[in-house]
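Written below as structure tokens is the structure these notes are about.
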Amino acid sequence: MEKVDFCQTGEYLSITVDANDRPHISYLDVLNRDLKYAKRNSATGAPGAVSYANGWTGVSWSTETVDSEGDVGGFTSIAVDSEGNPHISYYDSTNDSLKYAKWHGNSWLISAVDSYGKAGWDTSIALDSQDLPHISYRNWTNYDLKYAKWTGASWSTQTVDSEGDVGRFTSIAVDSAGNPHISYYDSTNDDLKYAKRTGDSWSIQVVDSEGDTGYYTSMALDSNGNPHIVYWDSTNDDLKYAEWTGNSWSTETVDSGGFSGSYASISVDSKGNPHAVYSVVPYFYISSRDWDRANGDLKYAQRNSGSAATGAGDSDDGRTGGAWQISTIDSEDDAGKYAAITLDSKSGIHVAYSADEGDCLVLKYVSLKNSPPLLSWPQEPGYVSDGVNPDAGKPNDVFYFRINYYDADNDRPKTGYPKFRVRKDGVEMQGSPFAMTEASASGGASYSAGKTYMYAKLLDNGSYEYSFEAYDANDSFASAGWFSGPSVSTSPPLAQEVDIYPGVFNPDKDEKTSISFNASLPGETTIAVYQVSGKKVAELFSGQSVSGINTAVWNGMDSGGSMVDSGVYLIRIDGPGISYEKKVVVIK
């Protein structure tokens, strides 16, 4: 987490990224009542850059005042065009007008957009494919939702909705056809509403009318132009989510953990997965400097595709594979005011927010990186040092391939993954790769704990290699392989000829038990001792066995060098052509 600017800055903030995935932030300087702007620099920094951060990463922020004429900078919203120039909409409290600022390479061009009545509250800005700005905002004098567009030569403004007290918490997005979409709160009816302009007319819908709902709306469009909205349900103090399915609105509760959902902000990734940040601060505390100091947390919620949401998400340490995965980003001080989120071209998550450090409001930033999945051997009998069992056999035997999928973010695998690939005599087999299925034994585990996947394959005579691969729901990739095996031959392998003697021994009398076996093939082999419960006690050998006789000895010691207790233990041998287990008894 990085501190972007000094004390008493960071209200009414907004964040976006440019084509180089560099974040830009607009915000209000609370102390001086100015509009400010921050840009993240490269590792070399820049003259005058703010270079302090919590968890310093070698980068810095350059900050500057954009507009200091009067009391300006409330309700800011920022967008960056295709050339990397920031555009900012904001409220001029001195003149009760909507203002707009654009960077022109070496200076800011500032203009008044709408000065009729108290225009410019709750602004939101978006750019179309021609880099022309579109702004939604509220006229406080008439309590109307308004819209402004730069035509290329002048500003065109119009009233979108004037039915009652409407237009609070506006959020705008523009689709690929240049049509603006706006979400907002209807104070008269306590509803979440949505407006879309097609051609010269606006269509307006009520999205959610259950209780008093629709505060802190934030909207983003997916690649198909469908809107996704997060908002606060004031009646139940919950974070809610609405999605246009193509012919109707689907709404659901994301977080019902108490006072959840104020300062909500949403972004949608390239797969249509919504990502949201929000605060747990109840709305009626916001104007107080002593707001909910015990619970001022910044939280993050993500929903992956491929799992229809059916209700509230998991608890904040959850990420347990439910429809919504919820976590706490910052619980230090009073964090989460004015939270804003955006995604970069690699689905990297960028979050800006304000936090009270004592009596000092500061602007903070955090970047959340997706952790790729990991693939590993299941550490089960027959799968300790490889992913196939048995390691050798005869034609038309069935061989079982298993791999463990682990994801630190608890992201489920992408549909159809993990996959298993197999080559016969150097050529990939027809149908490869094969989609694996989850092993029933791992059904209750979370992805962050690891789940095992399997595939059963009948093989004929030949020399084989295999590998595994997986994507998580965010398209992060992992692979394992290629590995030799199994060996399939019409020639029967050598007999295992396993001998463990004595089966009962007393280590206190310096007695040991000896293990020997006749391996049919050389290869990775593990000899280990386990409790009957399955807990590993000691590893006697791990490495390359030889073809023929192999030996090991157990002296009754565990892996830490301590003598084990009296009892029954299991000695397991896993290697090419062998998977063997035998009980031994330790007495004292």
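In the working numbering, the protein residues as written are 9 to 596. Quick reminder that beta carbons are idealized off the backbone N, C-alpha and C, glycines included.
- In the assembly as shown, F485 is an exposed residue. Its beta-carbon has fewer than 16 other beta-carbons within 10 Å.
- In the DSSP assignment, F267 falls outside any beta strand (DSSP E), carrying neither H nor E.
- The alpha carbon of L153 has as its nearest neighbour, out of P141, Q166, V537 and E436, the alpha carbon of Q166.
- DSSP places T243 outside any beta strand (DSSP E), giving it a letter other than H or E.
- At least 9 angstroms separates the beta-carbon of V262 from that of R205.
- Counting only the Cα atoms, S353 lies some 16 angstroms from R48.
- Excluding its 5 nearest sequence neighbours in each direction, K110 has C-beta neighbours in its own chain below 6 angstroms: H95 and L117, listed in chain order.
- 9 angstroms or more divides the Cβ of L376 from the Cβ of N412.
- C-alpha of G344 to C-alpha of E547: approximately 49 angstroms in a straight line.
- Taken atom to atom, the span from the alpha-carbon of S287 to that of S273 is near 10 angstroms.
- Three or more Cβ pairs closer than 8 angstroms define a contact, and the segment 23 to 42 meets that threshold against the segment 354 to 373.
- In the structure shown, D468 falls within a coil segment according to DSSP collapsed to helix, strand and coil.
- Counting only runs of 4+ residues, no alpha helix (DSSP H) is found wholly inside the segment 174 to 247.
- Distance between V593 and L247, taken at the CA atoms: about 58 angstroms.
- Here P515 carries a helix assignment [DSSP, helix/strand/coil].
- A direct Cα-Cα distance of roughly 10 angstroms separates L43 from T17.
- If you draw a straight line from the Cα of A347 to the Cα of G125, it comes to about 28 angstroms.
- Rounded to the nearest angstrom, the gap between the Cα atoms of Y224 and S101 is 21 angstroms.
- In this structure V182 is in contact with A134, their Cβ atoms being roughly 5 angstroms apart against a cut-off of 8 angstroms.
- Straight through space, the alpha carbons of G78 and K279 are spaced by roughly 44 angstroms.
- For S495, the enclosing beta strand (DSSP E) starts and ends at F485 to V496.
- By the CB criterion at 9 angstroms, I595 and S574 fall inside the cutoff.
- DSSP, reduced to helix, strand and coil, places E91 outside both helices and strands of the structure shown, so it counts as coil.
- Per DSSP, T521 is one residue of the beta strand (DSSP E) stretching across T521 to A527.
- Listed in chain order, the non-local C-beta contacts of T196 below 6 angstroms within the same chain comprise G172 and D173, local neighbours out to five positions each way being set aside.
- With distances taken between CA atoms, G531 lies nearest to S555 out of S555, S522 and V537.
- H358 carries a strand assignment under DSSP once its states are collapsed to helix, strand and coil.
- For P515, the CB contacts under 7 angstroms within the same chain, skipping 5 residues up- and downstream, are N563, G564, M571 and V594 in chain order.
- Note that the C-beta distance between G395 and F549 is not below 9 angstroms.
- For H283, the enclosing beta strand (DSSP E) has its first and last residue at P282 to S287.
- Under DSSP, the beta-bridge partners assigned to D75 are L43.
- Annotation for S587: the continuous beta strand (DSSP E) segment containing it runs I586 to V594.
- Distance from the Cα of I508 is smallest, within the candidate group I581, K157, G82 and G128, for I581.
- Excluding the 5 residues flanking it on each side, S275 has same chain C-beta neighbours closer than 6 angstroms at A228, H283, I349, T350 and L351, in chain order.
- Within the DSSP bridge table, the entry for A134 names H142 as partners.
- Per the C-alpha coordinates, the member of D136, G458 and L467 positioned closest to P403 is L467.
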